[in-house]
Amino acid sequence: LGRGAVAPPQFPVRTMAEWEEVESLVIVWASFPGLLKRIVRHALPECRVIIVCDDQAEVEEFLSGANDGGPIVDQTGITYLNAAFNSIWSRDYLAESIYINEVDSLLLLDWIYNRPRPADDVLSDAVGASEGIAVLGTTTAPYDLVHTGGNFMCDGAGTAFSSELVLDENGPLGEFNQTVRDAAGVDSIMARFMGIHRYITMPTLPYDAIHHIDMHMKLLDEQTLLVGEFPTGQSDGPQLEQNLATIMANETSVFGT
Numbered sequence: 593l594g595r596g597a598v599a600p601p602q603f604p605v606r607t608m609a610e611w612e613e614v615e616s617l618v619i620v621w622a623s624f625p626g627l628l629k630r631i632v633r634h635a636l637p638e639c640r641v642i643i644v645c646d647d648q649a650e651v652e653e654f655l656s657g658a659n660d661g662g663p664i665v666d667q668t669g670i671t672y673l674n675a676a677f678n679s680i681w682s683r684d685y686l687a688e689s690i691y692i693n694e695v696d697s698l699l700l701l702d703w704i705y706n707r708p709r710p711a712d713d714v715l716s717d718a719v720g721a722s723e724g725i726a727v728l729g730t731t732t733a734p735y736d737l738v739h740t741g742g743n744f745m746c747d748g749a750g751t752a753f754s755s756e757l758v759l760d761e762n763g764p765l766g767e768f769n770q771t772v773r774d775a776a777g778v779d780s781i782m783a784r785f786m787g788i789h790r791y792i793t794m795p796t797l798p799y800d801a802i803h804h805i806d807m808h809m810k811l812l813d814e815q816t817l818l819v820g821e822f823p824t825g826q827s828d829g830p831q832l833e834q835n836l837a838t839i840m841a842n843e844t845s846v847f848g849t
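Given below as structure tokens:
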């Protein structure tokens, strides 16, 4: 297995839900250091934190400083990785976690990033190599797929949600795709590489320029959606309400609710 794998896995895979237990959290120390420090502070009691950076001493000094809630005294749960990057938005460009045979073995699944940031696009390889985790990539034709983590959420049981941005970016007007795909073609890649067998895509919101689903919607568990609310009839409200009505009328949770 590795980046640019030319065939889908020949074994069952399952994409984890975001609320499942994690061993590590990866952040990229590129900007907004105060915010990142607060993330590190609250993550350390729960899991190991991997900080990708280009100056470990500078990060350690900032975490030990009096800023943003005071020093983080115990930093033993932090691992530093010196690797190239372009931006802070690791949720969007780092790999998704998938398992062989439900929970047996962890793999990382890396899409083509939908931004012209080449170092970000390949950073998953460095993380995987550092952690000793194989990285499976939908990064080479004929199995290429352009996608972004902010436009993906999964229930851990084979159902996932995205806006139709994923269809646009893999269609004839896509900027980064190598292969032109229709909705069925996208569904096939998601099923074969990620175990997503029900892929729910919704019209994009007209005033949300990046069209990432996590700007207005989040799965909290297998049957609960947290959604944004607009004043009645304003901004993205009507399209969001239409999307939700379609979900509620046509989709069920893994429990049948």
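Be aware that the sequence shown starts at 593, since it is given in my numbering, and climbs by one per residue.
The C-beta atom is built at its ideal place from N, Cα and C for all residues, glycine as well.
Environment of residue i [buried if 16+ CB atoms lie within 10 Å]
i: Arg630; result: exposed
i: Ser755; result: buried
i: Thr751; result: buried
i: Asp539; result: Here the chain comprises residues numbered 593 to 849, so residue 539 is not present and cannot be evaluated.
i: His808; result: buried
i: Thr838; result: exposed
i: Ala687; result: buried
i: Leu593; result: Caution applies to Leu593, whose pLDDT of 42 falls short of 50 and renders its modelled position unreliable; the model cannot decide the point.
i: Thr668; result: exposed
i: Met745; result: buried
Reference residue i, options the options, closest by Cα
i: Phe785; options: Gly763, Pro734, Gly742; result: Pro734
i: Thr816; options: Asp712, Glu843, Tyr685; result: Glu843
i: Leu699; options: Lys810, Val719, Glu767, Asp713; result: Val719
i: Gly766; options: Leu627, Ile704, Arg606; result: Ile704
i: Arg707; options: Gln831, Pro601, Gly741; result: Gly741
i: Glu613; options: Gly661, Gly657, His739, Val695; result: Val695
i: Asp646; options: Gly848, Pro604, Trp621, Leu836; result: Trp621
Per DSSP, cross-strand counterpart(s) of residue i
i: Tyr672; result: Ile643
i: Gly729; result: Asp702
i: Val752; result: The sequence shown places Ala at residue 752, not Val. According to DSSP, Ala752 bridges with Cys746, Tyr791.
Distance between beta carbons of residue j and residue i, contact taken as under 8 Å
i: Val857; j: Val618; result: The question about residue 857 has no answer, for the chain in this structure spans 593 to 849.
i: Leu797; j: Asp760; result: Contact doesn't hold; Cβ gap of about 13 Å is too wide.
i: Thr730; j: Ile781; result: 6 Å
i: Asn659; j: Gly626; result: 7 Å
i: Gly787; j: Thr607; result: 6 Å
Rounded C-alpha distance that separates residue i from residue j
i: Gly596; j: Ser716; result: Residue confidence is low: Gly596 scores 49 on pLDDT, short of 50, so the model does not pin down where it sits. No coordinate-derived value is stated.
i: Thr824; j: Gln834; result: 12 Å
i: Val665; j: Asn678; result: 29 Å
i: Trp611; j: Ile692; result: 18 Å
i: Thr732; j: Gln826; result: 42 Å
i: Pro600; j: Gly657; result: 47 Å
i: Gly662; j: Leu655; result: 8 Å
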